[in-house]
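Worksheet: one structure, shown below.
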Amino acid sequence: MVVFLVLSILALSAIAPKLPPMPYMMGLIAMGLGLGIFSQNSEYFALGTTLMELPPQTSLLLLPLLVACPAFRWEGRLLMQFLSPILLLGIVGVFLAAAIAGGIFIAFAPLTLSGAILLAILLSIVDLTPAITLLHREGSSQRLQILWGGESLFNNATAIALFVLLEDILASEKYGRGIGQFFGAWAVGILLGSIAGGLACYALQRWRESLLLQGTIATIVLYGAFFGAEILHPGSEAIAATTLAMVLRWNLSTRLKQKHFQKFERVVQGTGIFAQSCLFLLLGLTLARLPRQVYGSSRVWLWLAGALALVVLARGVVVLALMPVANFLRDSTPFSFSEQLVGLWGGMRGSIAFALVVSWKGDDRDFALFLILGVTIVLGLLSEGTMAQFLYRLRLTPSPLAVPLQKATADLAAKRQTLEGLFDLDEIESLSPAAIECVKQEYREEVYHAEDTLAQLWTRTRIDPEIFQQILWLQALAMEETGYHQFYEAGLLSELAFVKLKLRMHLKRDAVLAGFIPPPFYLLRNADTKIQRWFARLIGIISFNAQFAPQQNERVSTAKYEADGAIAYTCKQVALNFHRLVEDGNFGLMGAKSCAKVYEEDSLVAWQSLDAIAARKPDFAARKQQEAIRRTIRLLDEFEC
466 MVVFLVLSIL ALSAIAPKLP PMPYMMGLIA MGLGLGIFSQ NSEYFALGTT LMELPPQTSL
526 LLLPLLVACP AFRWEGRLLM QFLSPILLLG IVGVFLAAAI AGGIFIAFAP LTLSGAILLA
586 ILLSIVDLTP AITLLHREGS SQRLQILWGG ESLFNNATAI ALFVLLEDIL ASEKYGRGIG
646 QFFGAWAVGI LLGSIAGGLA CYALQRWRES LLLQGTIATI VLYGAFFGAE ILHPGSEAIA
706 ATTLAMVLRW NLSTRLKQKH FQKFERVVQG TGIFAQSCLF LLLGLTLARL PRQVYGSSRV
766 WLWLAGALAL VVLARGVVVL ALMPVANFLR DSTPFSFSEQ LVGLWGGMRG SIAFALVVSW
826 KGDDRDFALF LILGVTIVLG LLSEGTMAQF LYRLRLTPSP LAVPLQKATA DLAAKRQTLE
886 GLFDLDEIES LSPAAIECVK QEYREEVYHA EDTLAQLWTR TRIDPEIFQQ ILWLQALAME
946 ETGYHQFYEA GLLSELAFVK LKLRMHLKRD AVLAGFIPPP FYLLRNADTK IQRWFARLIG
1006 IISFNAQFAP QQNERVSTAK YEADGAIAYT CKQVALNFHR LVEDGNFGLM GAKSCAKVYE
1066 EDSLVAWQSL DAIAARKPDF AARKQQEAIR RTIRLLDEFE C
């Protein structure tokens, strides 16, 4: 039976990424509930009885994975671009929402003072993963995904710290040390998580070929940092786990080969889903033990309806009150009212709230568990069922024509390349000229149909000039990104340079979706920030590697040089492609010429940057050019073989 249960969890975890979040969660909760009810009515079912007798604090063993796995998803370099709104929503927003809900609960709810405060904190936890997944699937702005994903990370860490600290303070009745402990938790968590993450990254690089060993090391370091932070300063454990995951992501994405990093990333994602599955099963078992009076009273159901209204109200106040402040603090594109509404409607209570309420030791746990589960299910189903239409109404997703146009453009380029390759067959004497001509004619017809399809799609976009301009630039960005991928796959770009170029493409695409046409030319830094240099020196000292910081500086300079070279060449090719497409008549004349001109200017700026580096560091430039030439020669030799 144990084997069957474990296999069931693994199976559901494996297919979870393909399922809507709510039905997946509800299925596991129902499985746990059924297991618990069956165990209570059958004395022969020892497994269910054993699981139900586990102490409430068991769920805390899953908390490090529930915190760290989502944090590993996000690129810290992008989060830094939106730090002010993320900090406001993720930290101040928790205090504001908890104050609103806590005041109502203290005044009216049938709860103790500590129960009302802790329940308010749990209902202030948000998880916008479903909304972020939908934004990604629909091709929406990357900055929206980063904003609400970053808020979820900081929201979870803040809420866990508040819950742990206030639970201890309310139990001991020592109310004068709360603020100091909270800020101390952030300081200890960030410091410990950074050090642990740097050391883990150093170890994972040494055993990059062994995925099992990497996973083992990462798990040991994660739990060591989590429980070490809990011992040093209660409340800092989630902050340490979040920091560790982000430091690992920041470093491994540029230090591991892309294939190794993607494998490790899939392992992290699967581990997080498995931890969530175990938690939902444990939640179902806990529900099976709920006293009937908790859910059998009409008053409790009225409180559930009131909690739903209160949560939506508190979330609305947080988003609509803090986002104007965040826009004021930022010196770049403000977030529109439509973009703010995504965070209002997309937030739902998730696994972090369940882990904390299951581990709650107070008398009000059963009532709090019922409210949190009810609020999560109702708001989750409403959000999941309406979010796609919601985004479409707010015009936060690109035009539906963008994807077909990109596919048609790629299809036309592939068919043209194939047709050009057929002319080389004329040099093979053993092939029949008639057979070759027949195949050529077939491909000429396919190229003609592909050109016609592309022309029809572009004709449809010209109905709305604004949509036409946006799609035109999205096509240009797709061509540019493809060029960088080709450089990387050919071995002409390092991991760090490739990551920098991907981040640059995210920023340019978001600018286009926000209406900034043409998008800005984002310059790449030629050196790390002071914090990054200090961190590199710290890791070098801890790992007894005096060359770590100089090597890091060399990597950054090399990445900048390689990226500028890729930008100079790729932007020039995009401009040439647009000139060719203008000649074919597939694009609007003025819009395409304007786009080609901008890309020619971008290429010129990148070439000037390369010339400046060559004038300032001639030995460095000569060495990097020689390395690029050698790589190209090796690539050609492999191709000829």
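Just so we're aligned: the sequence shown equals residues 466 to 1106 in our numbering. A virtual CB, placed ideally from N, CA and C, is assigned to each residue, including glycine. Please read these numbers as outputs of a predicted model, since none were measured by experiment.
Exercise for review: Report yes if the C-beta distance between L588 and V776 is below 7 Å; otherwise report no.
Suggested key: Position 123 of the sequence shown holds residue 588. Position 311 of the sequence shown holds residue 776. In this structure, V776 lies closer than 7 Å to L588 by Cβ.
Exercise for review: Over the uninterrupted alpha helix (DSSP H) stretch that includes M711, give me the two end residues.
Suggested key: As a working mapping, residue 711 is identified with position 246 in the sequence shown. Per DSSP, M711 belongs to the alpha helix (DSSP H) from 702-720.
Check your understanding: Using the C-alpha atoms, what's the distance from C1060 back to M944?
Key -> Stepping through the sequence shown from its first residue, residue 944 is reached at position 479. Stepping through the sequence shown from its first residue, residue 1060 is reached at position 595. So the alpha carbons of these two residues sit roughly 12 Å apart.
Check your understanding: Can you give the beta carbon distance from P837 to A818, rounded, assuming they're within the 8 Å contact cut?
Key -> On the sequence shown, position 372 is the one that residue 837 refers to. On the sequence shown, position 353 is the one that residue 818 refers to. Reading the sequence as shown, one finds Ile at residue 837 and not Pro. Their Cβ separation, rounded to whole angstroms, is 5 Å, which keeps I837 and A818 in contact under 8 Å.
Practice item. Work out the CA separation of L630 and Q646 for me, nearest whole Å. Key: Position 181 of the sequence shown, counted from the first residue, corresponds to residue 646. Position 165 of the sequence shown, counted from the first residue, corresponds to residue 630. Cα atoms of Q646 and L630: separation of roughly 8 Å, rounded to the nearest angstrom.
**Study point:** Cut-off 6 Å between Cβ atoms - residues of its own chain near V468, not counting five sequence neighbours on either side
**Key:** Stepping through the sequence shown from its first residue, residue 468 is reached at position 3. Residue placement at V468 is flagged as unreliable, the pLDDT there being 45, under the threshold of 50; the coordinate-derived value follows with that caveat. Within its own chain, no residue has a Cβ closer than 6 Å to the Cβ of V468 once the five positions on either side in sequence are excluded.
Practice item. Measure the alpha-carbon distance for A566 versus A779 and round it to whole angstroms. Key: Along the sequence shown, one-based indexing puts residue 566 at 101. Along the sequence shown, one-based indexing puts residue 779 at 314. Taking the straight line from one Cα to the other gives about 7 Å.
Exercise for review: Express the C-alpha separation of L861 and K1089 in angstroms, rounding to a whole number.
Suggested key: Here residue 1089 refers to the residue found at position 624 of the sequence shown. Here residue 861 refers to the residue found at position 396 of the sequence shown. L861 has its alpha-carbon roughly 42 Å from the corresponding atom of K1089.
Exercise for review: Sort L809, G956, F963 by Cα distance to E946 and report the nearest one.
Suggested key: Within the sequence shown, residue 946 is the residue found at index 481, counting from 1. Comparing Cα-Cα distances from E946 to each of L809, G956, F963, the minimum goes to F963.
**Study point:** Contained alpha helix (DSSP H) runs [length at least 4] in the segment 582-617, N- to C-terminal order
**Key:** Runs of the alpha helix (DSSP H) inside the segment 582-617: 594-602.
Review point. Out of Q1091, I494, L958, R542, which has the shortest C-alpha to C-alpha gap to R714?
Key: Translated into the one-based positions of the sequence shown, residue 714 becomes position 249. Measuring from the Cα of R714, the nearest candidate turns out to be R542.
Exercise for review: Pick helix, strand or coil for R860, following the three-state DSSP scheme.
Suggested key: Looking up residue 860 in the sequence shown gives position 395. Three-state result, R860: coil.
Exercise for review: Decide if Q1092 is buried, meaning its Cβ has at least 16 other Cβ atoms within 10 Å, or exposed.
Suggested key: In the sequence shown, residue 1092 corresponds to position 627, counting from 1. Note that residue 1092 is Glu in the sequence shown here, rather than Gln. By the neighbour-count rule (16 or more Cβ atoms within 10 Å), E1092 is not buried but exposed.
Check your understanding: Apart from the five residues on each side of it in sequence, which residues of its chain come closer than 8 Å, Cβ to Cβ, to I502?
Key -> The residue labelled residue 502 in the question sits at position 37 within the sequence shown. Cβ within range, chain order: A753.
Exercise for review: Determine, using beta carbons only, whether A1040 and L966 come nearer to each other than 7 Å.
Suggested key: Your numbering for residue 1040 matches position 575 in the sequence shown. Your numbering for residue 966 matches position 501 in the sequence shown. Taking the C-beta atoms as reference points, L966 is found no nearer than 7 Å to A1040.
**Study point:** Residue interval of the alpha helix (DSSP H) (run including P571)
**Key:** Counting from 1 along the sequence shown, the entry for residue 571 is found at position 106. As written in the sequence, residue 571 is Ile, which differs from the Pro given in the question. Residues 558-573.
Check your understanding: Which same chain residues, not among the five before or five after M1118, have their C-beta less than 8 Å away from its C-beta?
Key -> Here the chain comprises residues numbered 466 to 1106, so residue 1118 is not present and cannot be evaluated.
Review point. Can you name the start and end residues of the alpha helix (DSSP H) that Q723 belongs to?
Key: Position 258 of the sequence shown holds residue 723. 723-753 is the extent of the alpha helix (DSSP H) around Q723.
Review point. Looking at the structure shown, is L958 part of a helix, part of a strand, or coil, going by DSSP?
Key: Residue mapping note: residue 958 aligns to position 493 of the sequence shown, counting from 1. Coil.
Practice item. May I ask you to report which of helix, strand or coil DSSP gives P550? Key: Position 85 of the sequence shown, counted from the start, is the residue given in the question as residue 550. P550: helix per DSSP, three-state reduction.
Review point. So, helix, strand or coil for F537, using DSSP?
Key: Along the sequence shown, one-based indexing puts residue 537 at 72. In this structure, F537 counts as coil in the three-state DSSP scheme.
Review point. Given Y987, which residues of its chain have a CB within under 8 Å of its CB, disregarding the five upstream and five downstream residues?
Key: Residue mapping note: residue 987 aligns to position 522 of the sequence shown, counting from 1. Close CB contacts of Y987 within its chain, under the 8 Å cut and outside five residues either way in sequence, are with R969, L972, K973 (chain order).
Review point. Can you find a CB in chain B that lies within less than 7 Å of the CB of I502?
Key: Going by chain labels, chain B is absent from the structure shown, which holds only one protein chain.
Check your understanding: In terms of alpha-carbon separation, which member of F745, L552, L548 lies closest to M496?
Key -> One-based indexing of the sequence shown puts residue 496 at position 31. Residue F745 is the option with its Cα nearest to M496.
Check your understanding: Are I582 and F628 close, meaning C-beta to C-beta below 7 Å?
Key -> Counting from one through the sequence shown, the residue named residue 582 turns up at place 117. Counting from one through the sequence shown, the residue named residue 628 turns up at place 163. For the pair I582 and F628, the CB atoms are not nearer than the 7 Å cut-off.
Check your understanding: Whose C-beta lies closer than 7 Å to the C-beta of E804 among residues of the same chain, with five residues either side of it excluded?
Key -> Residue mapping note: residue 804 aligns to position 339 of the sequence shown, counting from 1. L609, L861, listed in sequence order.
Review point. Between E1065 and the rest of its own chain, which residues show a CB-CB distance below 8 Å, the 5 nearest in sequence each way excluded?
Key: Taking the sequence shown and counting its residues from 1, the one referred to as residue 1065 is at position 600. Apart from the 5 residues on each side of it in sequence, E1065 sits with its Cβ closer than 8 Å to the Cβ of C1036, K1037, A1040 in its chain, given in chain order.
Exercise for review: Measure the Cβ-Cβ separation of S606 and D975 and say whether it is below 7 Å.
Suggested key: As a position in the sequence shown, residue 606 is number 141, starting the count at 1. As a position in the sequence shown, residue 975 is number 510, starting the count at 1. Yes.
Review point. According to the Cβ coordinates, are S824 and S579 closer than 7 Å?
Key: In the sequence shown, counting from the first residue as 1, residue 824 sits at position 359. In the sequence shown, counting from the first residue as 1, residue 579 sits at position 114. The answer is no: Cβ separation not under 7 Å.
Review point. CA-CA distance, L548 and F619?
Key: Here residue 548 corresponds to residue number 83 of the sequence shown, with the count starting at 1. Here residue 619 corresponds to residue number 154 of the sequence shown, with the count starting at 1. A straight-line Cα-Cα distance of about 11 Å links L548 and F619.
Check your understanding: So what's Y987 in DSSP terms, helix, strand or just coil?
Key -> Translated into the one-based positions of the sequence shown, residue 987 becomes position 522. Reduced to three states, the DSSP call for Y987 is coil.
Review point. Considering only residues of the same chain and omitting the five flanking positions on each side of A1079, which have a CB-CB separation below 7 Å?
Key: Here residue 1079 refers to the residue found at position 614 when the sequence shown is read from its first residue. The residues are A1086.
Point to revise | Other residues of its chain near I682: CB distance less than 8 Å, five sequence neighbours each side excluded | key: To locate residue 682, count along the sequence shown from 1; it is residue 217. Here the set comprises A665, A668, L669, W672.
Point to revise | Own chain partners of C1106 with C-beta closer than 8 Å, once the 5 adjacent residues on each side are dropped | key: Counted from its first residue, the sequence shown places residue 1106 at position 641. Note that C1106 scores 46 on pLDDT, short of 50, meaning its location in the model is unreliable and no value can be drawn from it.
Practice item. Thinking I704 and A626 are a contact (beta carbons under 8 Å), I'd like their distance in whole angstroms, please. Key: Taking the sequence shown and counting its residues from 1, the one referred to as residue 704 is at position 239. Taking the sequence shown and counting its residues from 1, the one referred to as residue 626 is at position 161. So it is a contact: roughly 6 Å between Cβ atoms.
**Study point:** Between the CA atoms of L612 and G689 - distance to the nearest angstrom
**Key:** Numbered from its first residue, the sequence shown carries residue 689 at position 224. Numbered from its first residue, the sequence shown carries residue 612 at position 147. Going from the Cα of G689 to the Cα of L612 covers about 29 Å.
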